[in-house]
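Engineer:
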Amino acid sequence: MLKRIISIMMIGILALGLTACGTAAGNGAGKGPEGELSDIIDKIYEQKKLDLALATTKLDLTDLDVLKYSTGLSDASMVKEAAVSEAMISSMAYSMALVRVNDSKDAKTVAQQMLDGIDQRKWICVAADDLKVAGTGDVVMLIMVADSLADTVTAQQLVDEFKTVCGGKLDFTLEK
């Protein structure tokens, strides 16, 4: 009888130990990719070569006008850092923004704010018709591209490369 009780206790302890170390899939509780956001952008471009003149910039979170223009976010209260990569020719509707949130639990909320707040017609004479927002852990990526660039790049291709750079797993993908 004592052996049976000890065996049951050991199974319970083992089961508790195994489940306590894991995280639920897709809950955003994990950490996103390590490193500077601009380095993550560079890794995405290593995976998907683009024949576009692009510039990557770290955003000043105190400049709310630039934050809104680049990410769609009207405040930076849930954001730790942000970077944007855009075409250097303003007649090309292409923009990728990466945001690292303070708490990974807020990633999907921030992603939805980005999706709802971004101006797809922020350029003078062109619009980005292809828009997606994806996230893993504490990093959210917004990508928007004009349909006219579909032969060169699509938002889905860059979401796929973001997923690859992030170890093959995304917590969510949003689109309009």
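If you count the sequence shown from 1, position 118 lands on 117 in numbering that gives the first Met the number 0, and the numbers rise without skipping.
Where is the CB? At the ideal position from N, CA and C, for every residue including glycine.
What number of angstroms, rounded off, separates the C-alpha of ASP159 from the C-alpha of CYS165?
Structural biologist: What you label residue 159 is simply residue 160 of the sequence shown in a count that begins at 1. What you label residue 165 is simply residue 166 of the sequence shown in a count that begins at 1. Looking at the two C-alpha atoms, the distance is approximately 10 Å.
Engineer: Are there three or more Cβ pairs, one per stretch, closer than 8 Å when the stretch 109-128 is compared with the stretch 57-76?
Structural biologist: The stretch 109-128 is in contact with the stretch 57-76.
Engineer: My understanding is that ALA154 touches VAL138, with C-beta atoms under 8 Å, so please give their C-beta distance in whole angstroms.
Structural biologist: Mapped onto the sequence shown, residue 154 falls at position 155. Mapped onto the sequence shown, residue 138 falls at position 139. Actually they are not in contact, since the Cβ atoms of ALA154 and VAL138 sit about 17 Å apart, beyond 8 Å.
Engineer: Leaving out five residues before and five after GLU174 in sequence, what residues of the same chain have Cβ atoms less than 8 Å from its Cβ?
Structural biologist: Here residue 174 refers to the residue found at position 175 when the sequence shown is read from its first residue. Cβ within range, chain order: LEU114, LEU130, LYS131, VAL132, ALA154.
Engineer: What is the C-beta distance between ALA96 and ALA86, in whole angstroms, given that I count them as a contact (C-beta under 8 Å)?
Structural biologist: Locating residue 96 in the sequence shown gives position 97, where the first residue counts as 1. Locating residue 86 in the sequence shown gives position 87, where the first residue counts as 1. Going by Cβ atoms, the distance from ALA96 to ALA86 rounds to 13 Å, so no, they are not a contact pair.
Engineer: Between the Cα of ARG99 and the Cα atoms of GLY136, ILE117, ASP74, SER89, which residue gives the shortest distance?
Structural biologist: To locate residue 99, count along the sequence shown from 1; it is residue 100. For the residues GLY136, ILE117, ASP74, SER89, the minimum Cα distance to ARG99 belongs to GLY136.
Engineer: Which of the three DSSP states, helix, strand or coil, is assigned to VAL138?
Structural biologist: On the sequence shown, position 139 is the one that residue 138 refers to. Reduced to three states, the DSSP call for VAL138 is strand.
Engineer: Rank SER103, LYS121, ALA127 by C-alpha distance to the C-alpha of PHE171 and give the top, closest one.
Structural biologist: Start at 1 with the first residue of the sequence shown, and residue 171 comes out as number 172. The shortest Cα separation from PHE171 among SER103, LYS121, ALA127 belongs to SER103.
Engineer: Just how far apart, CA to CA, sit TYR44 and THR151?
Structural biologist: Along the sequence shown, read from residue 1 onward, the residue named residue 44 stands at position 45. Along the sequence shown, read from residue 1 onward, the residue named residue 151 stands at position 152. Rounded to the nearest angstrom, the two C-alpha atoms are 13 Å apart.
Engineer: What are the boundary residues of the alpha helix (DSSP H) that MET35 is part of?
Structural biologist: Mapped onto the sequence shown, residue 35 falls at position 36. Here residue 35 is Glu; the residue named in the question, Met, does not match the sequence. Counting along the chain, GLU35 falls outside any alpha helix (DSSP H), and DSSP gives it neither H nor E.
Engineer: Using a Cβ-Cβ cutoff of less than 6 Å, which residues in the same chain neighbour MET140 once the five nearest sequence positions on both sides are dropped?
Structural biologist: Sequence index remark: in the sequence shown, residue 140 carries index 141 (1-based). Excluding residues within five positions, the ones whose Cβ falls inside 6 Å are LEU97, ALA133, PHE161.
Engineer: Leaving out five residues on either side along the sequence, give the residues of the same chain with a beta carbon under 6 Å from the beta carbon of ALA54.
Structural biologist: What you label residue 54 is simply residue 55 of the sequence shown in a count that begins at 1. If we look at ALA54 and ignore the five residues flanking it on each side, its Cβ neighbours are MET87.
Engineer: Between the alpha carbons of LEU157 and LEU66, how many angstroms are there, rounded?
Structural biologist: Walking along the sequence shown from the start, residue 157 turns up at place 158. Walking along the sequence shown from the start, residue 66 turns up at place 67. Going by the C-alpha atoms only, they are around 21 Å apart.
Engineer: In terms of DSSP beta bridges, what is TYR93 paired with?
Structural biologist: Residue 93 sits at position 94 when you count from the first residue of the sequence shown. In the DSSP output, where bridge partners are listed per residue, TYR93 has VAL144.
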